[in-house]
Amino acid sequence: MAASTYLSLLFTISIFFISHATLPTSNPKLYQNVCKQPGKTDFEQRCLTLIESYPPLTQINDRLTFCRSFVKMVAIEKTTKAQEYVKQMMNKYPSSQPIKECATEKYDTLVNELKAVLNEDPDLIDMDAKYAADALDECETVLAREKIVNVSSIYTLNNNMMLLADIVRITASNL
Numbered sequence: 001m002a003a004s005t006y007l008s009l010l011f012t013i014s015i016f017f018i019s020h021a022t023l024p025t026s027n028p029k030l031y032q033n034v035c036k037q038p039g040k041t042d043f044e045q046r047c048l049t050l051i052e053s054y055p056p057l058t059q060i061n062d063r064l065t066f067c068r069s070f071v072k073m074v075a076i077e078k079t080t081k082a083q084e085y086v087k088q089m090m091n092k093y094p095s096s097q098p099i100k101e102c103a104t105e106k107y108d109t110l111v112n113e114l115k116a117v118l119n120e121d122p123d124l125i126d127m128d129a130k131y132a133a134d135a136l137d138e139c140e141t142v143l144a145r146e147k148i149v150n151v152s153s154i155y156t157l158n159n160n161m162m163l164l165a166d167i168v169r170i171t172a173s174n175l
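Numbering (UniProt numbering), first residue to last: 1 to 175.
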């Protein structure tokens, strides 16, 4: 065979392989899709930063597994620590009924609803997340009555806890 025949055959085979090769696509990972969901201004960056600080979460592709793993690895620990902080505030300012109500009733609901996600029927997980978020909203409403103690640190804490509840709610909304 002539050299041109070999080159022609090599070219044809190359075209065949190139046309059947899969092009790499930039499919976002599950957690990236979760973080892009709501129309909140800083939500996406806060969500990505939080989840990427737990590398095992970034590898999960199943929504239910991600949701429960996020709750187990992140949400329960952070909400429990947040409740401890609010309880310290309650002990520091025992006459403050709003702080007491947030520290006990509202944060108890928050922590318990997130813990329920671990064993909940997948169809009901979004309700647990909604109840957790509602508890934070109710805490905010109660804190608005506080006129003596500066509760700005609790507002900030609630904002951070709402991020956790939102991540669970968004993930669970498509189970």
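Ideal Cβ placement from N, Cα and C applies to all residues, glycine included.
Use the C-beta contact count for ILE148: other C-beta atoms within 10 angstroms, 16 or more gives buried, fewer gives exposed. Your numbering for residue 148 matches position 148 in the sequence shown. By the neighbour-count rule (16 or more Cβ atoms within 10 Å), ILE148 is not buried but exposed.
Let me know the secondary structure DSSP gives GLU140 once reduced to three states. To locate residue 140, count along the sequence shown from 1; it is residue 140. Three-state result, GLU140: helix.
My output table needs one value for ASN158: the three-state DSSP class, helix, strand or coil. The sequence position of residue 158 within the sequence shown is 158, counting from 1. In the three-state reduction of the DSSP assignment, ASN158 falls in the helix class.
Excluding the five sequence neighbours on either side, which residues of its own chain have a C-beta within less than 6 Å of the C-beta of LEU163, listed in chain order? For the purposes of this step, residue 163 is taken as the residue at position 163 of the sequence shown. In the same chain as LEU163, and ignoring 5 residues on each side of it, the C-beta atoms closer than 6 Å to its own belong to ARG46, in chain order.
Considering only the alpha carbon of each residue, which of LYS92, ASP137, ASN119 and GLU120 lies closest to LEU110? Counted from its first residue, the sequence shown places residue 110 at position 110. Measuring from the Cα of LEU110, the nearest candidate turns out to be ASP137.
Quick one: give me the first and last residue of the alpha helix (DSSP H) that GLU77 is part of. Stepping through the sequence shown from its first residue, residue 77 is reached at position 77. For GLU77, the enclosing alpha helix (DSSP H) has its first and last residue at 76-92.
Best match in VAL71, PRO94, ALA82 and PRO98 for proximity to ASN159 [C-alpha to C-alpha]: By one-based count along the sequence shown, residue 159 stands at place 159. Nearest C-alpha to ASN159: ALA82.
Cα-Cα, which of CYS139, LYS106 and ASP128 is closest to VAL71? Sequence index remark: in the sequence shown, residue 71 carries index 71 (1-based). For the options CYS139, LYS106 and ASP128, the alpha carbon positioned closest to that of VAL71 is the one of ASP128.
Answer yes or no: do SER69 and ASP126 have a C-beta to C-beta separation smaller than 8 Å? Translated into the one-based positions of the sequence shown, residue 69 becomes position 69. Translated into the one-based positions of the sequence shown, residue 126 becomes position 126. No, they are not a contact pair.
Apart from the five residues on each side of it in sequence, which residues of its chain come closer than 7 Å, Cβ to Cβ, to GLU120? By 1-based counting over the sequence shown, the position of residue 120 is 120. Closer than 7 Å at Cβ, skipping near neighbours: ASP128.
So PHE66 and THR171 are supposed to be a Cβ contact under 8 Å. How far apart are they, rounded? Locating residue 66 in the sequence shown gives position 66, where the first residue counts as 1. Locating residue 171 in the sequence shown gives position 171, where the first residue counts as 1. 6 Å between Cβ atoms; contact.
The alpha helix (DSSP H) that contains GLU52, what's its start and end? Taking the first residue of the sequence shown as 1, we reach residue 52 at position 52. 43-52 is the span of the alpha helix (DSSP H), which, as asked, contains GLU52.
Integer Cβ distance of VAL86 from ILE154, believed to fall under 8 Å: Along the sequence shown, one-based indexing puts residue 86 at 86. Along the sequence shown, one-based indexing puts residue 154 at 154. Contact between VAL86 and ILE154 is confirmed by a C-beta separation of about 6 Å, below the 8 Å threshold.
The alpha helix (DSSP H) that contains VAL34, what's its start and end? Translated into the one-based positions of the sequence shown, residue 34 becomes position 34. Element bounds for VAL34: 30-36.
Alpha carbon to alpha carbon, what distance is there between LYS130 and ALA165? For the purposes of this step, residue 165 is identified with residue 165 of the sequence shown, where counting begins at 1. For the purposes of this step, residue 130 is identified with residue 130 of the sequence shown, where counting begins at 1. Distance between the alpha carbons of ALA165 and LYS130: 7 Å.
Given ALA132 as reference, the closest of ILE99, GLY39 and VAL117 once Cα atoms are compared: Here the question's residue 132 lines up with position 132 in the sequence shown. The shortest C-alpha separation from ALA132 is found at VAL117.
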